[in-house]
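**Student:**
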Amino acid sequence: MPKPYVRKMAAGWWLKKRAYFYFMLRELTVVFIAAYCVLLLVMLWLLKQGPYEFDTLLDHFASPWAVGFHFIALVAALYHAFTWFNLAPQGIAVRLGEEKVPGVVIVASNYALWLIVSALLIWLVVVR
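Structure representation (structure tokens):
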């Protein structure tokens, strides 16, 4: 039986096309989002341990490294959300009767719902 052909790929194959680069960048954002989820679990665990342990963690959040990590995690989450919302029309086909809903309507509804939920959360946390 002949050996199957295995095409060799360079390690930086994704750097050759802009679309591949943005795809890999989007996939990289998951690392920071996952790390932030782990941080939230650690926060919950320390909160259960007592106020002193939790206050110690909050003191660490004032360090430049922690502020930088939070900023990077925020940028990663925003980039991930924006790209996901913009890709939604390719992943879902919404029909009203026989007519297909245009992709721009799907994207706009995603952003509108995001703004409404964000405004509601801000109102619940800040105003109330």
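Residue numbers for the sequence shown follow the numbering used here, so the first one is 567 and each next one is one higher.
We treat Cβ as the ideally placed atom computed from N, Cα and C, and that holds for glycine.
Among P668, L623, A659, whose alpha-carbon lies nearest the alpha-carbon of W611?
**Tutor:** Comparing Cα-Cα distances from W611 to each of P668, L623, A659, the minimum goes to L623.
**Student:** Starting from the Cα of P655, find the closest Cα among F648, V671, A647 and give me that residue.
**Tutor:** Selected option, being the one with the closest Cα: V671.
**Student:** Return the bridge partner residues of K666 from the DSSP annotation.
**Tutor:** Answer is R661.
**Student:** Got a sec? Which residues, its chain only, sit under 8 Å from F651 by beta carbon, not counting five neighbours each side?
**Tutor:** V673, N676, Y677, W680.
**Student:** Between P630 and A601, what straight-line distance do the alpha-carbon atoms span, to the nearest angstrom?
**Tutor:** Roughly 17 Å separates the two Cα atoms.
**Student:** Roughly how many angstroms lie between the CA atoms of G616 and C603, to the nearest whole one?
**Tutor:** Straight-line Cα distance between these residues: approximately 20 Å.
**Student:** Expressed to the nearest angstrom, what Euclidean distance is found between the alpha-carbon atoms of V597 and K582?
**Tutor:** Roughly 23 Å separates the two Cα atoms.
**Student:** In the DSSP assignment, find the alpha helix (DSSP H) that holds W611 and state where it starts and stops.
**Tutor:** Where W611 is concerned, the enclosing alpha helix (DSSP H) stretches over 584-615.
**Student:** With distances taken Cα to Cα, identify the nearest neighbour of M695 among V693, L687, A685, H646.
**Tutor:** There is no way to answer for residue 695, as the model of the chain reaches only from 567 to 694.
**Student:** Do you know whose CA, among T649, L690, A659, lies nearest E593's CA?
**Tutor:** Nearest option by C-alpha distance: T649.
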